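Student:
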Amino acid sequence: MVKSALPGWLWLMVAAGVLTQTTANLVRPVTSYKLISLGWGETEIGIATAAYALLPLFLALPFGRLQSRLKSPRNFVILGILILAIGAAYLALTDHIVQLMIASAVLGVGHLMFTIGGQSMIARRSSATQMDANFGWFTASFSVGQMLGPLLSGIILGDTSLTQTQAGGDDFIFSVNLALWIGAITSIIAVPVLYTMRASQQSPVTQTQDIVVVEPGTKPSAFNILKMPGVASHMLAALALLAILDILVAFMPLVGESMGVSPMVIGALLAARGATSVISRIFIQPLSARFSRNVLVLVALLVSGATIAVVPLVLGLGTPGVVAAFIFMSVGGFTLGVGQPMTMTMISQAVPRSWRGPALALRLMGNRVGQVVLPIAASVVAGPVGPAGGVWFACAVLGVSGAERLISRRTGRNPLRTSGN
Numbered sequence: 001m002v003k004s005a006l007p008g009w010l011w012l013m014v015a016a017g018v019l020t021q022t023t024a025n026l027v028r029p030v031t032s033y034k035l036i037s038l039g040w041g042e043t044e045i046g047i048a049t050a051a052y053a054l055l056p057l058f059l060a061l062p063f064g065r066l067q068s069r070l071k072s073p074r075n076f077v078i079l080g081i082l083i084l085a086i087g088a089a090y091l092a093l094t095d096h097i098v099q100l101m102i103a104s105a106v107l108g109v110g111h112l113m114f115t116i117g118g119q120s121m122i123a124r125r126s127s128a129t130q131m132d133a134n135f136g137w138f139t140a141s142f143s144v145g146q147m148l149g150p151l152l153s154g155i156i157l158g159d160t161s162l163t164q165t166q167a168g169g170d171d172f173i174f175s176v177n178l179a180l181w182i183g184a185i186t187s188i189i190a191v192p193v194l195y196t197m198r199a200s201q202q203s204p205v206t207q208t209q210d211i212v213v214v215e216p217g218t219k220p221s222a223f224n225i226l227k228m229p230g231v232a233s234h235m236l237a238a239l240a241l242l243a244i245l246d247i248l249v250a251f252m253p254l255v256g257e258s259m260g261v262s263p264m265v266i267g268a269l270l271a272a273r274g275a276t277s278v279i280s281r282i283f284i285q286p287l288s289a290r291f292s293r294n295v296l297v298l299v300a301l302l303v304s305g306a307t308i309a310v311v312p313l314v315l316g317l318g319t320p321g322v323v324a325a326f327i328f329m330s331v332g333g334f335t336l337g338v339g340q341p342m343t344m345t346m347i348s349q350a351v352p353r354s355w356r357g358p359a360l361a362l363r364l365m366g367n368r369v370g371q372v373v374l375p376i377a378a379s380v381v382a383g384p385v386g387p388a389g390g391v392w393f394a395c396a397v398l399g400v401s402g403a404e405r406l407i408s409r410r411t412g413r414n415p416l417r418t419s420g421n
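Numbered per UniProt numbering, the sequence shown finishes at 421, counting up by one with no gaps.
Structure (structure tokens):
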């Protein structure tokens with residue numbers, strides 16, 4: 001993936017990404033199990049998932065504008081990590097439904113701050129020809145966390161489904177809260193890691209980075225960013241690709257419980273999804289050298305939607321069904337892993353260089369809109385259909401985004417093609 005050694009700052013961001021995403025992806029499925037153990041169901045889990053994204057929905061664009069004015073995003077990123085840890089600890093300390101929703105919102109703000117700051121750092125310090133690769137490595141760290149977090153949660157919670165134990169049993173509640181505390185501690189480890197990084201560094205500037213121009217004095221408002229060619233379509237794809245991850249984390253525990261599948265198996269399934277996303281992101285640069293970003297994003301949307309939709313259909317069919325579920329989840333995870341870094345690069349290069357921070361923040365705001373609206377919609381679908389309906393709904397959103405790209409003919413060469421891509 002790389003022609004030379006990765007720069008030290010990128011290794012540090014990757015390490016911090018692994019730690020923080022392990023926290024987020026350990027805590028979030030465990031939160032679903034905590035709600036289940038307290039007697040709550042699909043609707044409350046959908047609301048908790050939406051609460052995770054609600055505050056970030058309103059904070060994403062202001063935070064992005066703040067990033068464009070900061071000399072370095074490092075301290076902003078570190079503050080986000082601390083808030084993430086506070087959210088995880090808060091989830092461990094309370095059993096009250098309203099406080100659990102608030103704690104989920106705090107967790108979401110911390111995750112947003114880390115993500116915005118991290119993306120801003122990558123965009124600032126990467127040359128145009130290395131942007132795919134650097135975003136690939138950064139998002140690969142997210143996928144490692146998405147693999148480790150559910151795996152750890154499955155190990156901690158054990159191989160017996162909650163329906164096979166006494167509901168709300170003290171041992172299970174203890175394991176749930178232990179997992180939440182481990183999540184909080186894991187993210188805090190990232191703070192000293194980032195303090196070894198230089199606070200600022202000049203980013204390499206090339207002609208390609210400044211190819212998009214606007215009228216002097218035009219401000220990077222949400223409306224002006226969305227007017228740029230292709231940006232709205234790229235943001236829809238990013239929203240769909242992220243929504244499926246959130247809904248899988250929130251609803252797969254419910255799918256497993258409805259079929260008598262243990263938390264360990266569900267955790268391993270989610271970990272398999274994360275593992276194959278890591279593999280695909282390691283090979284982002286050779287993939288983008290061979291295929292256009294438009295094609296890669298289209299494949300990510302359509303193949304992921306089709307394969308992941310099969311998982312709930314086969315999961316309850318005994319051992320062969322579980323094996324099949326791992327295969328389909330792994331294929332879907334591989335293609336999902338390609339999509340997110342591609343949308344980051346496409347949005348970054350579709351706007352002027354000085355607009356990249358706000359544009360990437362707007363992308364995250366769009367993602368948070370999806371994280372608020374789609375889990376609630378998924379919970380409504382899951383009510384009459386069952387928990388699998390939430391997963392199928394998310395897969396349908398992937399299909400809609402893929403159809404939009406086909407209709408708008410975003411299937412060819414990169415509009416802003418750089419050397420090495």
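Note that beta-carbon positions come from the ideal geometry of N, C-alpha and C, so glycine has one too.
Fair warning: this is a prediction, and the values are worked out from it, not measured in the lab.
#1: Find the nearest neighbour of V310 within the set G332, G318, M228 and L296, judged by alpha-carbon distance.
#2: Which residue wins for smallest C-alpha separation from W392, given the options M252, A350, G260 and S187?
#3: Comparing alpha-carbon positions, which option in S233, M329 and L298 lies nearest G267?
#4: Please classify L84: does DSSP put it in a helix, a strand, or coil?
#5: On a Cα-Cα basis, can you pick out the residue from V314, M121, G149 and E44 that is closest to T20?
#6: Helix, strand or coil: how does DSSP classify W40 here?
#7: Could you check the C-alpha separation between V303 and P387 for me, to the nearest Å?
#8: Would V27 and A88 qualify as a contact pair, given that the criterion is a beta-carbon distance under 8 angstroms?
#9: If the criterion is Cβ atoms closer than 8 angstroms, does the pair G39 and G80 meet it?
#10: What separation, rounded to the nearest whole angstrom, lies between the Cα atoms of S175 and I156?
#11: Within this structure, are the beta carbons of P338 and L287 separated by less than 8 angstroms?
#12: So, Y33 versus A105, is the Cβ gap smaller than 8 angstroms?
#13: Quick one: Cα of I36 to Cα of A289, how far?
#14: Who are the Cβ neighbours of L248 in its own chain at under 8 angstroms, not counting the five residues just before and after it?
#15: Using only CA atoms, which one of A50, M342 and P375 lies nearest to residue 424?
#16: Does the distance from the C-beta atom of F63 to that of L70 stay below 8 angstroms?
#17: What do you reckon, is the C-beta of R290 under 7 angstroms from a heavy atom of the ligand FMN?
#18: Can you list, in chain order, the stretches of the alpha helix (DSSP H) that have 4 or more residues and sit fully within the stretch 289 to 329?
#19: With distance defined between alpha-carbon atoms, name the residue in R125, S262, V323 and T276 nearest to S348.
#20: Per DSSP, what kind of secondary structure is M197 in: helix, strand or coil?
#21: Which one of M113, L362, H96 and D132 has the shortest CA to CA distance from S292?
#22: Whose CA, out of A377, V397 and V385, lies closest to the CA of A48?
#23: Please list the terminal residues of the continuous alpha helix (DSSP H) segment that includes T115.
#24: Indicate the three-state DSSP secondary structure (helix, strand or coil) for G158 in the structure shown.
#25: Excluding the 5 residues preceding and the 5 following V191 in the sequence, name in chain order all residues of the same chain whose CB lies nearer than 6 angstroms to its CB.
#26: Is the beta carbon of Q67 closer than 8 angstroms to that of I116?
#27: F283 by DSSP, collapsed to three states: which one?
#28: Closest by CA to G305, which one among A396, L107 and L362?
#29: If I measure Cβ to Cβ from M264 and keep anything under 8 angstroms in the same chain, skipping five residues before and after, which residues do I get?
#30: What did DSSP end up calling R409 once you bin it into helix, strand or coil?
#31: Suppose you measure from the CA of P312 to the CA of A179; what does that come to, to the nearest Å?
Tutor: From the atom records:
#1: If we check each option's Cα against that of V310, G332 comes out closest.
#2: M252
#3: M329
#4: helix
#5: G149
#6: coil
#7: 22 angstroms
#8: yes
#9: Cβ atoms of G39 and G80: not closer than 8 angstroms.
#10: Rounded to whole angstroms, S175 to I156 spans 6 angstroms at the Cα level.
#11: The displayed chain sequence assigns Val, not Pro, to residue 338. Closer than 8 angstroms, so yes.
#12: no
#13: 46 angstroms
#14: L270, R273, I308, V391 and A394
#15: The shown model of the chain, from 1 to 421, leaves out residue 424, and the question about it has no answer.
#16: no
#17: With respect to the ligand FMN, the structure offers nothing, as it holds no ligand at all.
#18: Those alpha helix (DSSP H) runs which fall completely within the stretch 289 to 329 and span 4+ residues are 293 to 314.
#19: R125
#20: coil
#21: D132
#22: A377
#23: I97 to R125
#24: coil
#25: I78 and I81
#26: yes
#27: coil
#28: A396
#29: G154, I155, L157, G158 and D159
#30: coil
#31: In a straight line, the C-alpha of P312 is about 26 angstroms away from that of A179.
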